[in-house]
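Q: Could you have a look at this structure, given as structure tokens, before my questions?
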Amino acid sequence: MSLALVIDDEPTICWAFRQMLEGRGHRALVAPTAEEGLAALTPEVDLVVLDVRLPGMDGLTALRRIREKRPDLPVIVITAHGTMQTAVEAIKSGAFEYITKPVDLAEAESAVARALERRAVSAEVAKHQAEGDLGGLVGSTPAMQEVFKKIGAVCVTDATVIVTGESGTGKELVARAIHANSKRAKKNFEPINCASLPEGLVESELFGHEKGAFTGAVRTKPGRFEAANGGTVFLDEVGDLPQPAQAKLLRFLEDRSFTRVGGTERLTADVRIVAATNRDLRRLVADGEYREDLYYRLNVVAITLPPLRDRKADVPRLVARFLQDGGHAGKAVSEAALETMLAYDWPGNIRELRNAVEQAVVLSRGGPILPEHLPPRLQQKAGGTDGESAKQLVERWLAEAPEGAAWDAVSDRWEKLLVEKALADAKGSLSAASRRLGINRATLRRKMERFGLRGEAET
Ligand SMILES: Nc1ncnc2c1ncn2[C@@H]1O[C@H](COP(=O)(O)OP(=O)(O)OP(=O)(O)O)[C@@H](O)[C@H]1O
Ligand SMILES: [Mg+2]
2 MSLALVIDDE PTICWAFRQM LEGRGHRALV APTAEEGLAA LTPEVDLVVL DVRLPGMDGL
62 TALRRIREKR PDLPVIVITA HGTMQTAVEA IKSGAFEYIT KPVDLAEAES AVARALERRA
122 VSAEVAKHQA EGDLGGLVGS TPAMQEVFKK IGAVCVTDAT VIVTGESGTG KELVARAIHA
182 NSKRAKKNFE PINCASLPEG LVESELFGHE KGAFTGAVRT KPGRFEAANG GTVFLDEVGD
242 LPQPAQAKLL RFLEDRSFTR VGGTERLTAD VRIVAATNRD LRRLVADGEY REDLYYRLNV
302 VAITLPPLRD RKADVPRLVA RFLQDGGHAG KAVSEAALET MLAYDWPGNI RELRNAVEQA
362 VVLSRGGPIL PEHLPPRLQQ KAGGTDGESA KQLVERWLAE APEGAAWDAV SDRWEKLLVE
422 KALADAKGSL SAASRRLGIN RATLRRKMER FGLRGEAET
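This is the structure we're talking about:
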């Protein structure tokens with residue numbers, strides 16, 4: 002049972018809402034003015050229905066006051082018919098939904114149901130938030146709490162979400178958390194990596210194809226959007242989507258309809274889109290590589306994940322989590338090892354930390370994790386190659402490399418320097434750097450990801 006507060010000076014509307022709410026097993030408080038409504042806004046209230054036209058304090062002002070007092074509370078606003086501007090204002094001021102007068106009871110009922118449903122889920126999220134843990138996401142720093150709040154707000158909607166952040170910051174984990182906390186949780190979560198699909202097959206992969214659409218299309222095949230019907234599609238590395246597929250995706254985002262490759266019939270799929278990228282889409286748009294209209298369609302709700310170096314206070318908790326995940330919950334970590342981890346900048350973010358912890362568990366065998374069990378790069382100061390000859394570098398790197406894996410360890414380090422240099426010369430442009438190096442962009446991006454380097458995506 003929930004408690005709703007109805008603020009309206011028209012007794013018939015209050016009466017209608019009370020009937021409807023009580024009919025659904027809820028309780029209702031009514032107030033004829035904003036002032037009285039605000040006075041009645043106790044912590045027990047789960048929902049507010051608010052008329053914007055009130056004697057005394059007007060509804061929009063009241064809405065802002067309510068949002069200040071109880072930012073988590075859904076407010077349904079009632080506006081006069083044809084006053085679109087007020088409705089827009091109300092939504093901008095944080096109203097959950099608006100309905101117009103004359104009030105259609107079915108519409109009111111469904112708005113109330115959705116608002117209460119949101120309350121229920123947000124409380125669930127809040128519980129995890131307090132524990133600094135949401136769907137496997139660890140984070141108690143303010144930056145991550147902000148992220149959790151956003152997840153809590155979007156998971157009860159069907160809004161398209163774009164998750165941005167450097168490589169390894171947890172974009173996919175966030176997408177999964179949104180899905181798992183949404184009403185689509187029991188349906189598929191369909192991850193699609195837009196960068197790894199061969200260019201000619203992107204469209205067929207996403208939207209399917211009809212038999213005979215191209216050589217090799219021996220039978221009709223539904224696409225990933227169809228497969229995810231009712232669920233969530235995770236478009237990873239959405240910045241790498243080739244232009245023709247961008248056009249089709251845009252069309253799909255507009256009305257959730259599409260045609261299979263080689264087909265004419267318009268089909269629909271009910272899916273929620275969560276996209277992710279570690280590239281700066283605005284920059285791609287400016288460079289003409291990305292459709293501006295698609296950018297806006299994707300950018301409905303943006304969640305930006307902070308790099309780990311900006312939230313190092315989460316490191317101890319993350320380490321504990323990774324030890325626990327690996328079945329080493331009680332394993333000791335020396336103070337010095339933790340200090341080393343806190344001093345490091347983690348260019349590869351949480352993924353790099355996770356790998357470091359997993360490796361340290363192996364190297365430390367039964368004992369506590371000590372600094373020497375951590376990757377050598379953690380021990381070094383930035384730019385630690387200055388003044389050393391190539392021969393000295395190779396000697397030092399070889400000495401620091403783990404036994405039996407020296408080739409990869411040493412090669413990685415000079416490759417990283419090379420990639421860094423090429424990117425710096427190209428002012429961060431992946432295209433220019435890959436041309437210069439004579440490797441393709443996908444290869445370059447893979448290397449950058451591996452080495453935790455950033456190019457034009459972030460500056
Ligand atoms: N907040 C977090 N709490 C616990 N583990 C996390 C968190 N964020 C990320 N991880 C872990 O870090 C690793 C990388 O996360 P994820 O794959 O989601 O990153 P990503 O941003 O998608 O990276 P990329 O851009 O390289 O694809 C995973 O093992 C994930 O479980
Ligand atoms: Mg990812």
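Position one of the sequence shown corresponds to residue 2 (the numbering used here), numbered consecutively onward.
Think of the CB as a built atom: it goes at the ideal place given N, C-alpha and C, for glycine as much as any other residue.
Quick check: what's the CA-CA separation for ALA458 versus GLY439?
A: For ALA458, the predicted structure reports a pLDDT of 48, less than 50, and the residue's modelled location is therefore unreliable. A value from the coordinates is still provided. Cα to Cα, ALA458 sits roughly 20 Å from GLY439.
Q: With a threshold of 8 Å, are at least 3 pairs of Cβ atoms found where one atom belongs to the segment 156-174 and the other to the segment 296-307?
A: Cβ pair count under 8 Å is three or more, so yes.
Q: Check whether the segment 364-375 touches the segment 321-335, taking contact to mean three or more Cβ pairs, one atom from each stretch, closer than 8 Å.
A: Touching, per the Cβ criterion.
Q: Could you check which residue in VAL76, GLU290 and ALA32 has the C-alpha nearest to that of ASP10?
A: Per the Cα distances, ALA32.
Q: Looking only at its chain, what residues have a beta carbon closer than 7 Å to the beta carbon of ASP271, apart from the 5 residues adjacent to it on each side?
A: Taken in chain order, the residues that qualify are ASN230, GLY231 and ARG257.
Q: Please determine, among GLU353, VAL395, ALA391 and LYS392, the residue with the shortest C-alpha to C-alpha distance to LEU379.
A: Looking at the Cα atoms, GLU353 is the closest of the given residues.
Q: State whether the segment 172-182 contacts the segment 194-214, with contact taken as three or more CB pairs (one from each stretch) at a distance under 8 Å.
A: No, they do not touch.
Q: Following the continuous alpha helix (DSSP H) through ASP271, name the residue where it begins and the one where it ends.
A: No alpha helix (DSSP H) contains ASP271, which DSSP labels as neither H nor E.
Q: Report the residue from GLU200, LEU138 and ARG115 whose alpha carbon sits nearest the alpha carbon of VAL320.
A: Considering only alpha carbons, the answer is LEU138.
Q: Could you tell me whether any non-hydrogen atom of ligand 2 is closer than 6 Å to the CB of LYS422?
A: No, since every heavy atom of ligand 2 falls outside the 6 Å radius drawn around the Cβ of LYS422.
Q: Got a sec: does ligand 4 put a non-hydrogen atom nearer than 6 Å to the Cβ of GLY140?
A: Among the ligands present in this structure, namely ligand 1 and ligand 2, ligand 4 is not found.
Q: Less than 6 Å separating the Cβ of GLY327 from some heavy atom of ligand 1?
A: Every heavy atom of ligand 1 is 6 Å or more from the Cβ of GLY327, so no.
Q: SER168: beta carbon under 6 Å from a heavy atom of ligand 1?
A: Checking every heavy atom of ligand 1 against the Cβ of SER168, one is found closer than 6 Å.
Q: If we count Cβ pairs, one from each stretch, closer than 8 Å, do we get three or more for the segment 69-87 versus the segment 34-53?
A: Yes, they touch.
Q: Pick helix, strand or coil for GLU396, following the three-state DSSP scheme.
A: In the structure shown, GLU396 sits in a helix (DSSP, three-state: H, G or I).
Q: Does the beta-carbon distance from VAL275 to PHE235 come in below 7 Å?
A: Closer than 7 Å, so yes.
Q: For GLU37, which option in THR221, GLY60, TRP16 and ARG28 has the closest C-alpha, if you only look at C-alpha atoms?
A: Residue GLY60 is the option with its Cα nearest to GLU37.
Q: To which residues of the same chain is LEU343 closer than 7 Å at the C-beta, ignoring the five residues directly before and after it?
A: LYS313 and VAL316.
Q: Quick one: is the Cβ of GLY171 within less than 6 Å of any heavy atom of ligand 1?
A: Result yes, Cβ under 6 Å from ligand 1.
Q: For ligand 1, any of its heavy atoms closer than 6 Å to the Cβ of LEU282?
A: No.
Q: Straight-line CA distance for ASP311 to THR62?
A: Each residue's Cα considered, the two are about 37 Å apart.
Q: According to DSSP, simplified to helix, strand and coil, what is HIS374?
A: If DSSP states are grouped into helix, strand and coil, HIS374 belongs with the helices.
Q: Hey, quick one: how far does the alpha helix (DSSP H) through ASN350 stretch, first residue to last?
A: Unbroken alpha helix (DSSP H) run through ASN350: 350-364.
Q: What is the rounded straight-line gap between the Cα of GLY166 and the Cα of TYR345?
A: Spanning the two alpha carbons is a distance of roughly 19 Å.
Q: Which same chain residues end up closer than 8 Å to GLY384 when comparing Cβ atoms and leaving out the 5 residues on each side of it in sequence?
A: Low per-residue confidence applies at GLY384: pLDDT is 44, beneath 50, and the placement is therefore not dependable, though the value from the model is reported in the following sentence. Hits under 8 Å: none found.
Q: Closest by CA to GLN20, which one among LEU55, GLU110, PHE97 and GLY57?
A: Minimum Cα distance to GLN20 is reached at GLU110.
Q: Closer than 6 Å by C-beta to ARG220: which residues in its own chain qualify, once you throw out the five before and the five after it? Chain order, please.
A: Hits under 6 Å: LYS212.
Q: Skipping 5 residues on each side, what residues in its chain have a beta carbon closer than 6 Å to that of VAL262?
A: The answer, listed in chain order, is GLU204, SER205, HIS210 and ALA214.
Q: Closer than 6 Å: is that where the CB of ASP105 sits relative to any heavy atom of ligand 2?
A: For ligand 2, not one heavy atom lies less than 6 Å from the Cβ of ASP105.
Q: Quick check: what's the CA-CA separation for ARG267 versus GLN244?
A: For ARG267 and GLN244, the distance between alpha carbons rounds to 21 Å.
Q: Run the proximity test for ASP241: is its beta-carbon closer than 6 Å to any non-hydrogen atom belonging to ligand 2?
A: Every heavy atom of ligand 2 is 6 Å or more from the Cβ of ASP241, so no.
Q: What are the uninterrupted segments assigned as beta strand (DSSP E) that are 3 or more residues long and contained completely in the segment 240-305, given in chain order?
A: Whole beta strand (DSSP E) segments, 3+ residues: 273-278 and 302-305.
Q: Output the residue ranges of the beta strand (DSSP E) runs that lie fully inside the segment 71-117 and measure 3 residues or longer, sorted by chain position.
A: Entirely contained in the segment 71-117, the beta strand (DSSP E) runs reaching 3 residues are, in chain order, 76-80 and 98-101.
Q: Please return the same chain residues whose Cβ sits closer than 6 Å to the Cβ of CYS156, not counting the five positions on each side in sequence.
A: The residues are ILE179, ASN182 and SER183.
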